[in-house]
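Okay, structure first, notes after.
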Amino acid sequence: MPGSQFLPPGEFDAVEMVDYFVVVHDEEENGNVLLVSVDVYHPENCWGDGSFKYQVMLDQLGKAEGIAYFQAAASAGLIAYNSPHDYADVLYELDKDTAAVWMGSGPLHYCQPAGDYRVIALAVDHNNNPSDPFENTFEYVPTALLEFDFTEVDYGAVNIGVHKWISGDMVFGTANKPTVRNIGNVDAKVKIYQDDMGFGNSQGVWNVKYDARMGSDNAYTVNYGPYEWITLPNALPRCELEELDFSIEIIKGFGAHAGIITLGQELSCNAG
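Under our numbering, the letters of the sequence shown match residues 32 to 303, in that order.
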């Protein structure tokens, strides 16, 4: 059965450590073999190309520690058994010291691609005889997470009927120049919702209208009115950042106005 599931940390530049466990039985060496390793491969989907990620060398655990880890994993339903062996078989071998648990750790970065990672285990005995490879998987759960470096958009003084843009930049942390960065493990699109800032409407037509885009290409600009969710068409790839530009055009009104803008995200299978 498939193995563990992991959520991305939801923090820029964060790294999660993944522990890999293999139970090894060898008739000549009782699990005390020369080496045990796992080869880990990226998912093959919208966000990953199935390429080799890394190899992790494992260390043999003591009997009591190994049995404790094995029983905990079995209780959580995380173990893939090499047929025809089952829980009772493995526990018997561990208890009799004719098998051993091996463990190693490897990093999983915050914006590595989501999906099912293949893990292929291999053991080699002291006579340099390799085992048959054994495969399991774990899932890096697809999660769209965008981080913004601003809490408001200040349009400043705006003349009636004049289309005014507020431009972002490619530097995260300049709050007056909006920027978004992708801290999830999938490509993601920006969603936007704004109220009418108190301008109201005249005979059913809003007295204010907006535009927004991610990046400087006007082809990705979306025009919208108050109280409607819109989704910008281009997706932000994993690990990347981009500027956000906002515009306003006031049809009718005067004096100072303020309102609420809400930002969100949605998973995307295609960047660009």
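All C-beta atoms, glycine included, are put in the ideal place defined by N, C-alpha and C.
Outcome for Glu273 when other beta-carbon atoms lying within 10 angstroms are tallied against a minimum of 16: The residue labelled residue 273 in the question sits at position 242 within the sequence shown. Taking all protein chains in view, the Cβ of Glu273 is crowded by 16 or more other Cβ atoms within 10 Å, so the residue is classified as buried.
Cβ-based burial, Ala289 [other Cβ within 10 Å; buried from 16]: Position 258 of the sequence shown, counting from 1, holds the residue named residue 289. It is exposed - the Cβ of Ala289 has fewer than 16 other Cβ atoms within 10 Å.
Sheet register partners of Trp133 (DSSP bridge): Position 102 of the sequence shown, counting from 1, holds the residue named residue 133. Checking the DSSP bridge columns, you'll see Trp133 partnered with Val53 and Gln91.
The beta strand (DSSP E) enclosing Tyr112, as first and last residue numbers: For this step, residue 112 is matched to residue 81 along the sequence shown. Careful: Tyr112 lies outside any beta strand (DSSP E) and carries neither H nor E.
Any 3 or more C-beta pairs closer than 8 Å across the stretch 205 to 217 and the stretch 168 to 175: yes
Given 8 Å, three or more beta-carbon pairs between the stretch 124 to 131 and the stretch 150 to 168: no
Stretch pair the stretch 72 to 90 + the stretch 111 to 127: three plus CB contacts closer than 8 Å: Judged by Cβ distances under 8 Å, the stretch 72 to 90 makes no contact with the stretch 111 to 127, as fewer than three pairs qualify.
Cβ pair count under 8 Å reaching 3, the stretch 49 to 64 against the stretch 184 to 202: no
Any chain D beta carbon closer than 8 Å to Glu166: Although the question refers to chain D, the structure presented lacks it and comprises just one protein chain.
Runs of beta strand (DSSP E) lying entirely within the stretch 205 to 265, each at least 3 residues, in chain order: Fully enclosed beta strand (DSSP E) runs of 3 or longer: 210 to 213, 218 to 225, 239 to 245 and 253 to 255.
Chain-order list of residues whose beta-carbon lies under 6 Å from that of Ile70 (same chain, five-residue window excluded): Here the question's residue 70 lines up with position 39 in the sequence shown. The sequence shown places Asp at residue 70, not Ile. Excluding positions up to five away in sequence, the list reads Gln86 and Ile151.
Residue range of the unbroken beta strand (DSSP E) whose run includes Tyr148: Working through the sequence shown from its first residue, we reach residue 148 at position 117. First-last of the beta strand (DSSP E) with Tyr148: Gly146 to Val155.
DSSP-derived helix/strand/coil call for Gln102: One-based indexing of the sequence shown puts residue 102 at position 71. Gln102: helix per DSSP, three-state reduction.
Cβ separation of Leu125 and Gly97, assumed to be a contact under 8 Å, to the nearest whole Å: Reading the sequence shown from its first residue, position 94 is the one you call residue 125. Reading the sequence shown from its first residue, position 66 is the one you call residue 97. Their Cβ separation, rounded to whole angstroms, is 6 Å, which keeps Leu125 and Gly97 in contact under 8 Å.
Cβ distance (whole Å) where Ile282 is taken to contact Asp226 below 8 Å: Your numbering for residue 282 matches position 251 in the sequence shown. Your numbering for residue 226 matches position 195 in the sequence shown. Asp226 and Ile282 do not touch by the CB rule: their CB atoms are close to 16 Å apart, not below 8 Å.
Beta bridge counterpart(s) of Thr168 as assigned by DSSP: If you number the sequence shown from 1, residue 168 lands on position 137. Per DSSP, Arg149.
Cβ neighbours of His194 in the same chain (closer than 7 Å, five flanking residues each side left out): In the sequence shown, residue 194 corresponds to position 163, counting from 1. Ser278 and Glu280, listed in sequence order.
Local conformation of Asp276 per DSSP, three classes: Residue numbering aside, residue 276 sits at position 245 when the sequence shown is read from its first letter. Note: Asp276 maps to strand in three-state DSSP.
Ser35 to Met245 span [Cα, whole Å]: In the sequence shown, counting from the first residue as 1, residue 35 sits at position 4. In the sequence shown, counting from the first residue as 1, residue 245 sits at position 214. Using only the alpha carbons, I get a separation of about 35 Å.
Beta-carbon proximity of His317 to Pro144, cut-off 8 Å: Summary: the structure shown does not reach residue 317, with the chain confined to residues 32 through 303, and so no result is reported for it.
Where Gly97 sits in the DSSP three-state scheme: The sequence position of residue 97 within the sequence shown is 66, counting from 1. Helix, per DSSP.
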